[in-house]
Amino acid sequence: MMKAGEMTAIKAILVMGVLTLLLLWLLAEGLRYGLERRPKESVAASKTPSLFDGQRAYRDLETIVGMGPRPSGSEALDQLREFVKTELTKAGLNVWEHRFEAETPIGVLPMVNVVAKTEGTKPGVIILGNHYETKHFPEFTFVGANDGGSTTAWMLEMARAVGPKREGRSVWLCFFDGEEAFKEWSATDSLYGSRAFVAHLKESGRFSEIRAMINVDMIGDCYLGITRDTDAPEWLNQRIWRNARALGYGSHFLRASRSIEDDHVPFRTAGIPAIDIIDFCYGANRLEHEQNWHTANDTLERVCAESLQVVGDVIYHSLTDIDAYLNKLARN
Ligand SMILES: [Zn+2]
63 MMKAGEMTAI KAILVMGVLT LLLLWLLAEG LRYGLERRPK ESVAASKTPS LFDGQRAYRD
123 LETIVGMGPR PSGSEALDQL REFVKTELTK AGLNVWEHRF EAETPIGVLP MVNVVAKTEG
183 TKPGVIILGN HYETKHFPEF TFVGANDGGS TTAWMLEMAR AVGPKREGRS VWLCFFDGEE
243 AFKEWSATDS LYGSRAFVAH LKESGRFSEI RAMINVDMIG DCYLGITRDT DAPEWLNQRI
303 WRNARALGYG SHFLRASRSI EDDHVPFRTA GIPAIDIIDF CYGANRLEHE QNWHTANDTL
363 ERVCAESLQV VGDVIYHSLT DIDAYLNKLA RN
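If you want it as structure tokens, here you go:
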């Protein structure tokens, strides 16, 4: 027989022993998990400098907007294309043009996609896409500082930031022509450039190289708020949003999600993991959006270099994580 006091002491020692063992086991597991996971799926650490320069992108945007309205088939779009090709070549990237004719409600138009290539060390391609033309509005002056302009300047700066070679998959920067509808948005009156490009890749046998597609649209809004893409694979949403949080940009990458038709759709329809990075609330609220989107108000004063920087940093770092995820897929 033992005294009650001795019993309590032994119980306490036993409980402490079990708790200590449990703690040690948890520590060991945590360490093992950390060692296994971290190198595979690292998230960019906060305040990691990115080579993307939002101010430089904004200066390009001023040049682009200075060219005036740039609808498909216009001289201004020819001028912009020359500027884009010159800047991409200066950045050391290989550039080629994909020319085609598009049957639009206003007639057959010559269109040109511009593609710049960063050579990767691994097989496979990640596409970054945008549209570089502005919507056809013959009745008023539409310079598309945000819609068409912001992403074109952003893509040029991304080309400089990523450079001609990178560790990981090749990146193709695709500047699509003819994203906008001429009359009413429909399956046949929209996305002329991206649809033609996917068809071209299939015909040329290169489609199987494409592993993922990120499209950017309207990312220059001074009131930047990017919604999650409802239809994108969760792993793509997660990697981009995780980087935004890690970089301290969580307030610009919202919890809300939305589904939008844009140049990523032809890729997604063809089975490629694709996501649209878009701020479809141009201005401080919905009322301002109605006043700014596809109107003469889409001008430079509503677009901010800081917004281009935020999306630049996030996508720049996300490319590394997307590569890591694709590596894991390839191994399994
Ligand atoms: Zn538009």
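Start counting at 1 in the sequence shown, then tack on 62, and there's your number in my numbering. Idealized CB from N, CA, C, for every residue including glycine.
With distances taken from CA atoms, which of Ala-306, Cys-236, Thr-214 and Ser-380 is nearest Leu-263? Cys-236
In chain order, what residues of the same chain have a beta carbon less than 7 Å from the beta carbon of Glu-273, not counting five sequence neighbours either side? It is worth fixing the name first, because residue 273 is Arg in this sequence and not Glu. Excluding sequence neighbours, Arg-273 sits near Gly-186, Val-187, Ile-188, Arg-231 and Leu-388.
Where Ala-207 sits in the DSSP three-state scheme: helix
Would you say His-160 touches ligand 1, meaning its beta carbon is less than 7 Å from a heavy atom? no
Measure how close the beta-carbons of His-198 and Pro-133 come, nearest whole angstrom, since I'm counting them as under 8 Å. 4 Å
For a quick check, are the C-beta atoms of Lys-147 and Glu-181 less than 8 Å apart? no
So Asn-354 is in the alpha helix (DSSP H); what residue range does that whole segment cover? 348–354
Segment limits, beta strand (DSSP E) that includes Ala-164: 156–166
With 16 other Cβ atoms within 10 Å as the buried cut-off, status of Asn-208: buried
Between the alpha carbons of Met-173 and Asn-347, how many angstroms are there, rounded? 34 Å
Closer than 6 Å by C-beta to Leu-218: which residues in its own chain qualify, once you throw out the five before and the five after it? Chain order, please. Asp-122 and Glu-149
Simplified DSSP state of Glu-149, which is helix, strand or coil: helix
Stretch-stretch touch, CB-based, cutoff 8 Å, three pairs: the segment 294–303 with the segment 237–256: no
Ligand 1: which residues have Cβ under 6 Å from any of its heavy atoms, chain order? Lys-197, Asp-209, Glu-242 and His-356
Can you tell which of Tyr-285, Val-278, Pro-131 and Thr-203 has the C-alpha that lies nearest to the C-alpha of Asp-291? Val-278
Between Leu-142 and the rest of its own chain, which residues show a CB-CB distance below 8 Å, the 5 nearest in sequence each way excluded? Ile-126, Met-129, Arg-132, Tyr-194 and Thr-214
Given 8 Å, three or more beta-carbon pairs between the segment 250–268 and the segment 303–321: no
Tell me, which residues are paired with Ile-288 by DSSP? Phe-315
With 16 as the cutoff for other CB atoms within 10 Å, does Thr-196 come out buried or exposed? buried
Starting from the C-beta of Tyr-410, find all residues in its chain whose C-beta is less than 7 Å away, skip the five residues before and the five after it, and write them out in chain order. Nothing can be reported for residue 410, as the shown portion of the chain is limited to 63 through 394.
Considering only residues of the segment 202–276, which uninterrupted alpha helix (DSSP H) runs meet the minimum length of 4 residues and lie entirely inside it, listed in chain order? 213–224 and 254–266
Under 7 Å Cβ to Cβ from Phe-162, same chain only, skipping five residues before and after it: list those, please. Met-173 and Ala-258
Cutting at 6 Å between CB atoms, please list the residues of its own chain near Ile-337, excluding the five before and the five after it. Ile-276, Asp-291, Ala-294 and Leu-298
Should Ser-252 be labelled buried (16 or more other beta-carbon atoms within 10 Å of its own) or exposed? buried
Please determine, among Glu-137, Gly-255, Gly-225 and Ala-392, the residue with the shortest C-alpha to C-alpha distance to His-160. Gly-255
Using CA coordinates, which residue listed in Ser-319, Ala-261, Thr-289 and Asp-385 is at the minimum distance from Thr-331? Ala-261
Rounding to the nearest angstrom, what Cα-Cα distance links Gly-282 and Trp-355 in this structure? 12 Å
Can you tell me whether DSSP reads Ala-294 as helix, strand or coil? coil
Residue nearest to Asp-325 in terms of C-alpha spacing, selected from Trp-247, Ile-302 and Glu-271: Trp-247
Looking at C-alpha atoms only, which residue of Gly-287, Glu-165, Ile-334 and Leu-113 is the closest neighbour of Leu-190? Ile-334
Considering only residues of the same chain and omitting the five flanking positions on each side of Ala-318, which have a CB-CB separation below 8 Å? Thr-289 and Arg-290
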